[in-house]
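These notes concern the structure reproduced below.
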Amino acid sequence: MSASDEIWILGINMTKFGKHPDLDTVDLGAQAIMAALADAGVTMADIGVFAAGNLLGGGGIGQQLQKQVGQTGIPVYNVSNACATGATALRTAIMAVKAGECDMGLACGVEKLAGAGLLGAGGVPRSDAKVYNPSGRYGAVAGIDGRIGTNTMPGVFAQVGMEYGHKYGGATFELFARISEKNHSHSTLNPLATYTKAMSAEQIMNDVMIAYPNTRSMCSANCDGAAAAVVVSGEKLKTLSLEQQRRAVKVSASILTSDPWQEACQILPDVNTLTKNAAKQAYEQAGVGPEDLDLVELHDCFATAELVHYDNLGLCEEGGAVDFFESGAPWRDGRLPVNVSGGLESKGHPISATGIANIWEVCQHLRNECGDRQIEGAKVGLAHVIGLGSACGIHILEKSGV
Amino acid sequence: MSDVAQQVPLVNYLVLGETPHLVAHECTSCGARFFDRRNACASCFATEFRTVDIPNEGELRAFTIVSQAGPGIKVPFVAAVVDCGGTSVRGNIINTEPDPEHVTLGMAVRLATYSMGADDNGTEAVGFGYEPA
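Read top to bottom, the protein sequences are chains A and B. Anchor point for the first sequence: position 377 equals 366 in this note's numbering, and the numbering is continuous, going up by one each time. Anchor point for the second sequence: position 94 equals 177 in this note's numbering, and the numbering is continuous, going up by one each time.
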């Protein structure tokens, strides 16, 4: 086997996002895998590499899933890359196929997150020592979280959005609420979303405040869910049926970046530079520009994050994210629909599944199989995730020409 | 023994005394600053560092008003990024009401310290934040 230039998604699936009290992590992941294999028209016998991600389970999810769906002795990679875990698993399978190690690979991301509460807050009460003893990297004599800033995700990303507002202006509490209103409106057409109820900006602003300006409905929804994908080399795809070739979606770009050093990155995670870098590389690799995109699924872990990624992904000119939103562009009937799935705020964010689920959403549109929420005539789409720490995954996908 | 109880800073980059201030490790090669230890500079990979004082005055560059936090953490509080003469510092905004009327982007702030109480040995811990200047 030789290195492959072209990579295609042959089959892909996401489970219903929400509460799955009767399914454990392995059940949920296996459900997505079985459906992805069926969608691809292949079995585990065809798969030459498997990469899997899960953050909150016990570890070794790949081998556990394999035992549930078919143990063939192929290499299994367990990947962990925060909220970019799913995209990283997919990219791991893509790299193996691209390198010519095999002609077909499988990736899965799964998370049980329903009722998980506030991410980043820690699970146990802070107990300050009765004797002040410096410990840790900062020689702290007591807990830092809450005394020197916040570790909670809503608070971190709130500052990310506020920083953008400070730099360019116009980023009001109400603007962030209206971004969230858009995504909650979009999910009314997505039967697999965790929440499918429209919310007005006023309702969103009056919801429980978590970390100003992010209220509860402006935060990603903790939920259970899984997604899985089968990738295939271009050479192998040519040997498959016309129907498989017609439904296959081309991976025009698969990019993963980490955060390069920036002055303030030790203080507030820099989610901008690595996304800008990934976008630039992705557009170059795919040979397309933002103006060619028909839809974007970006990482709206919070309403404050969606705003900055309009800019980071080059969907608007630098500093123009507020104007881009105000123009109506990112609504599903706008110039460049963003998060027509409902996004993480409404569809939900089962962490490790997210980086494959957003690709499933794009694929459904490119295959013209998205039902009521189909973006008509979609040919090119972009899926983006950010894992804090940080990791950014971007995939650009194109409709088959067959 | 003096009557003044012994004090310890909340973190080792807070220097107490007459004029409390923060310090950082600065890369002698490129000037990048770090509040914790590094084996090599994250920016230029050089391995020499010197200790520098951080200005006490700054500008509020980003903030959030945290209403929901981990167990045992008192809310609401204002978490912020303060630009202190070109060095970004993480800290809470203190000595003002934690609402968007009193805390605004771009406002001038200065370092302030406060007592966190004494431990069983009578040692007092001192924390820091930034107050409107």
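We put the CB at the ideal spot given by N, CA and C, even for glycine. Since we're looking at a predicted model, the values are computed, not measured.
Host beta strand (DSSP E) of lysine 239(A) (start-end): By 1-based counting over the first sequence, the position of residue 239(A) is 250. 238 to 247 is the extent of the beta strand (DSSP E) around lysine 239(A).
Nonlocal neighbours in the same chain, by C-beta distance under 6 Å from threonine 111(B), ignoring five residues either side: In the second sequence, residue 111(B) corresponds to position 28, counting from 1. Cβ neighbours of threonine 111(B) beyond the five flanking positions: Glu131 and Arg133.
Within 8 Å, strictly: CB atoms of valine 219(A) and leucine 95(A): On the first sequence, residue 219(A) is found 230 positions in, with the first residue counted as 1. On the first sequence, residue 95(A) is found 106 positions in, with the first residue counted as 1. Closer than 8 Å, so yes.
Proline 183(B): contacting residues in chain A (beta-carbon distance under 7 Å): Position 100 of the second sequence, counted from the start, is the residue given in the question as residue 183(B). What proline 183(B) touches in chain A: Tyr201.
Test: tyrosine 96(B) CB closer than 8 Å to a CB of chain C: Judged by its chain identifiers, the structure shown contains no chain C, and its protein chains are A and B.
Assigned secondary structure, serine 85(B) (DSSP; H/G/I helix, E/B strand, else coil): In the second sequence, counting from the first residue as 1, residue 85(B) sits at position 2. Because serine 85(B) carries a pLDDT of 48, less than 50, the predicted location of this residue cannot be relied on, and the following value inherits that uncertainty. In the structure shown, serine 85(B) sits in coil (DSSP, three-state: anything other than H, G, I, E or B).
Whether glycine 42(A) touches threonine 74(A) by CB criterion (8 Å): As a first step, residue 42(A) is located in the first sequence; it is residue number 53 there, counting from the start. As a first step, residue 74(A) is located in the first sequence; it is residue number 85 there, counting from the start. Yes. Within cutoff.
Neighbourhood of alanine 125(B) by C-beta distance below 8 Å, restricted to the same chain and skipping five residues each side: Numbered from its first residue, the second sequence carries residue 125(B) at position 42. Around alanine 125(B): Ala115 and Phe117.
Chain B contact residues for tyrosine 127(A), given Cβ-Cβ distances below 8 Å: One-based indexing of the first sequence puts residue 127(A) at position 138. Those within 8 Å of tyrosine 127(A) in chain B are Val94, Asn95, Tyr96, Phe118 and Asp119.
Three-state class that DSSP yields for methionine 190(B) in the structure shown: Your numbering for residue 190(B) matches position 107 in the second sequence. Note: methionine 190(B) maps to coil in three-state DSSP.
DSSP three-state assignment for aspartate 136(B), whether helix, strand or coil: One-based indexing of the second sequence puts residue 136(B) at position 53. The answer is strand: DSSP assigns aspartate 136(B) an E or B state.
Beta-carbon neighbours of histidine 155(A), restricted to chain B and to distances below 7 Å: One-based indexing of the first sequence puts residue 155(A) at position 166. Correct list: Arg144, Ala145, Leu188 and Gly189.
Ranges of the beta strand (DSSP E) found wholly within the segment 18 to 95 of chain A, counting only runs of at least 3: 38 to 42 and 65 to 68
Alpha-carbon spacing of valine 327(A) relative to aspartate 312(A), whole angstroms: Here the question's residue 327(A) lines up with position 338 in the first sequence. Here the question's residue 312(A) lines up with position 323 in the first sequence. In a straight line, the C-alpha of valine 327(A) is about 15 Å away from that of aspartate 312(A).
Start and end residues, alpha helix (DSSP H) containing isoleucine 1(A): Position 12 of the first sequence, counted from the first residue, corresponds to residue 1(A). Run containing isoleucine 1(A): none in the alpha helix (DSSP H); it sits in the beta strand (DSSP E), -4 to 3.
Within chain A, the residues that threonine 206(B) reaches when beta carbons sit closer than 7 Å: Taking the second sequence and counting its residues from 1, the one referred to as residue 206(B) is at position 123. Within chain A, the residues near threonine 206(B) are Tyr121.
C-beta neighbour in chain B for glutamate 280(A), strict 8 Å: Locating residue 280(A) in the first sequence gives position 291, where the first residue counts as 1. Answer no: the Cβ-Cβ gap between glutamate 280(A) and chain B never drops below 8 Å.
Rounded C-alpha distance that separates glutamate 358(A) from isoleucine 36(A): Translated into the one-based positions of the first sequence, residue 358(A) becomes position 369. Translated into the one-based positions of the first sequence, residue 36(A) becomes position 47. Going from the Cα of glutamate 358(A) to the Cα of isoleucine 36(A) covers about 25 Å.
Entirely enclosed beta strand (DSSP E) segments - the segment 191 to 275 of chain A, minimum 3 residues: 198 to 201, 214 to 222 and 238 to 247
Any C-beta of chain B under 8 Å from that of tryptophan 250(A): For the purposes of this step, residue 250(A) is taken as residue 261 along the first sequence, with counting starting at 1. So yes, tryptophan 250(A) belongs to the interface.
Residue interval of the alpha helix (DSSP H) (run including lysine 171(A)): Within the first sequence, the letter at position 182 stands for residue 171(A). 162 to 175 is the extent of the alpha helix (DSSP H) around lysine 171(A).
Contact with chain A by aspartate 136(B), beta-carbon distance below 8 Å: Stepping through the second sequence from its first residue, residue 136(B) is reached at position 53. Output row for aspartate 136(B): interface = no.
Endpoints, the alpha helix (DSSP H) within which proline 215(B) is located: Position 132 of the second sequence, counting from 1, holds the residue named residue 215(B). First-last for proline 215(B): 207 to 215, but that is the beta strand (DSSP E), not the alpha helix (DSSP H).
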